[in-house]
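Have a look at the structure below before the remarks.
Chains as they are written, first to last, in my numbering: chain D, 64 to 399; chain L, 64 to 399.
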């Protein structure tokens, strides 16, 4: 779905700080300013002072509404008039459906036929029209193209889009506005929209801040892309972190290459165990994709190994963690 | 465990507003000022503007730490010196263990032998010493007496205690401080500590506020007590709302008779369905006992039937709901 271009041969300019400010002004009255919460027991377990930005409590249950609403609310009347189309089997689809309803235009969400029924139902609940296709990359692309051709709808890509990246950046911006003296921020990475936005939103406020991406071992394309310096694809993945199965796109790869300190990989067992720990101790529901961002910090010694600047007063480093979403099927929990 | 006295023959004076202010000053730095959250979808379902006071996000996972810490921190050195004893199979036990640790004294928690292992583990995690007994009312009382005789520990009853009631009142006080124009507040009722405190804490700020108690049909002693005007007991109950199996005590009965507008009863199915709805839509974990407070509002037409004062501008009434706790065993969810 993304427009093919190579970051090697273009002078790609990521969204500016002004674009992020404009995005925030555009969407702030529509979305929740989600709480930043702490946990004494998780602090004790990790040896850090953790600040969790709760996008699981965001409208539509994930951060995706930030980018989707920024993109859709910034369209001209003419661009928006014939509606929106996108492909997604999850949170981006719900966010586009919701933001299109706010805008008063229809949204078509192309979904693989084998996506969980609960996700299609959620999209319809937000007013979206679900268009099923075969569960292949090709079918999703051709179905999306067909819907676009038939309806004249405007395409909103889940992450390879500057309006989306600027919108996602507002989560880290809010976190830094609330906790100004963080040493580092941790966010999950899939297509890289949230992590790119986190880099731009956090470093726009504190240029020296460290940003870490967290990724399942079973969907490690961002790790491979940043290690090799060449954009790698993720052909398929069965990670339980179902929001993290996409691959970086040219825009997000360019931003992450410049701004991310390191990608931390986690096993499926670590993801499940971290999710359960957060549910039990913090009493909030995070989806496995969110748990990926806290999982690496639960390994003994990891915080010390990150080489964060020593604090003069010897207190534990302050780390921000973005809980990206909370949409899970409560009929089949990950630890059953 | 409660001291027997009759409200008919005493001039019982509930905790004063000054006692509640003193309790709040005593405990505020130790506990969380829990967030008050809203949900667009639950507003739409109920026809009300709902404000949820999230004591499920409180330290130890429930409001019980408010009363327990007020009681334990207000003891003289001499009273506290030999530790604390109580009986509880759940949240009060964890709260007493935690508050005793803050005070630097031991706590003995008498629990029935058949209580879930996870609850004993939680109490031990907060530094409490678990003393198992046979699962009968008599065994719990005699074991508690024996521990008290052997150790000289100070008894802190779960609810028939003015220090406990004053502590629990701080939750509603915080809610009213945040949303001053509520029309009514809903809280679950078991032994009546939280509901009594809710009456005193809320009406201390807004004398005309309506207070509703919510109770499982299967543990309806408060409903029966207030209907008959005589304190009724609950011999046993198998309600899934495991925090609501106790009976009113003389103190709480006296306060509820004076201040509660009505007790609303809910079925087991309504409790389970309300809990699941909150988990799914609000992404926070509440225990079934918490769900009891929102369950009646989900019945069609209930909000209109409460005879709340008409609002001049025609907007929906503002209702506060106290989510009392979030301690559930994630291995066996209520809807499995």
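We put the CB at the ideal spot given by N, CA and C, even for glycine.
None of the values given here were measured: they were computed from a predicted structure.
By how many angstroms is the C-alpha of residue j removed from the C-alpha of residue i?
i	j	result
residue 132/D	residue 118/D	15 Å
residue 374/L	residue 286/L	29 Å
residue 354/L	residue 361/D	32 Å
residue 163/D	residue 249/D	30 Å
residue 254/D	residue 293/D	15 Å
residue 415/L	residue 92/L	Coverage of chain L is limited to positions 64 through 399, which leaves residue 415/L absent and any answer about it impossible.
residue 234/D	residue 157/L	35 Å
residue 225/L	residue 143/L	17 Å
residue 150/L	residue 160/D	51 Å
residue 397/L	residue 335/L	6 Å
residue 120/D	residue 208/L	46 Å
residue 173/D	residue 203/D	7 Å
residue 347/D	residue 213/D	42 Å
residue 76/D	residue 165/D	30 Å
residue 298/L	residue 363/D	49 Å
residue 125/L	residue 110/D	25 Å
residue 140/L	residue 148/L	16 Å
residue 232/D	residue 136/L	45 Å
residue 330/L	residue 337/L	11 Å
Is the beta carbon of residue i sitting closer than 8 Å to the one on residue j?
i	j	result
residue 278/D	residue 307/D	yes
residue 369/L	residue 113/L	no
residue 351/L	residue 305/L	yes
residue 130/L	residue 230/L	yes
residue 326/L	residue 272/L	no
residue 393/L	residue 319/L	no
residue 239/D	residue 269/D	yes
residue 281/L	residue 300/L	yes
residue 183/L	residue 193/L	yes
residue 189/L	residue 123/L	yes
residue 356/D	residue 316/D	no
residue 372/D	residue 246/D	yes
residue 344/D	residue 102/D	yes
residue 152/L	residue 180/L	no
residue 260/L	residue 323/L	no
residue 170/L	residue 191/L	yes
residue 219/L	residue 134/L	yes
residue 267/D	residue 228/D	no
residue 241/L	residue 99/L	yes
residue 115/D	residue 366/D	no
residue 127/D	residue 155/D	yes
residue 265/L	residue 252/L	no
residue 83/D	residue 263/D	yes
Where does residue i fall in DSSP's three states?
i	result
residue 149/D	strand
residue 231/L	helix
residue 141/D	helix
residue 170/D	strand
residue 373/L	coil
residue 353/D	helix
residue 255/D	coil
residue 130/L	helix
residue 294/D	coil
residue 391/D	coil
residue 366/L	helix
residue 67/L	Annotation note: pLDDT 43 at residue 67/L (below 50); position unreliable, coordinate value reported separately. Correct three-state label for residue 67/L: coil.
residue 83/D	helix
residue 72/L	Unreliable placement is indicated for residue 72/L, whose pLDDT of 44 sits below 50; the coordinate value is still reported in the next sentence. DSSP places residue 72/L in coil when its eight states are reduced to three.
residue 348/L	coil
residue 155/D	helix
residue 326/D	strand
residue 383/D	strand
residue 278/L	strand
residue 238/L	helix
residue 359/L	helix
residue 96/D	coil
residue 273/D	strand
If you follow the beta strand (DSSP E) that residue i is in, where does it begin and where does it stop?
i	result
residue 251/L	247-251
residue 112/D	112-117
residue 192/L	192-196
List the endpoints of the continuous alpha helix (DSSP H) containing residue i.
i	result
residue 316/D	313-322
residue 418/D	This structure gives no information on residue 418/D, because the portion of chain D shown stretches from 64 to 399.
residue 213/D	200-214
residue 105/D	103-109
residue 187/D	180-188
Should residue i be listed as close to the ligand HEM, given that the test is whether its C-beta is under 7 Å from any heavy atom?
i	result
residue 346/L	This structure lacks the ligand HEM, and indeed carries no ligand of any kind.
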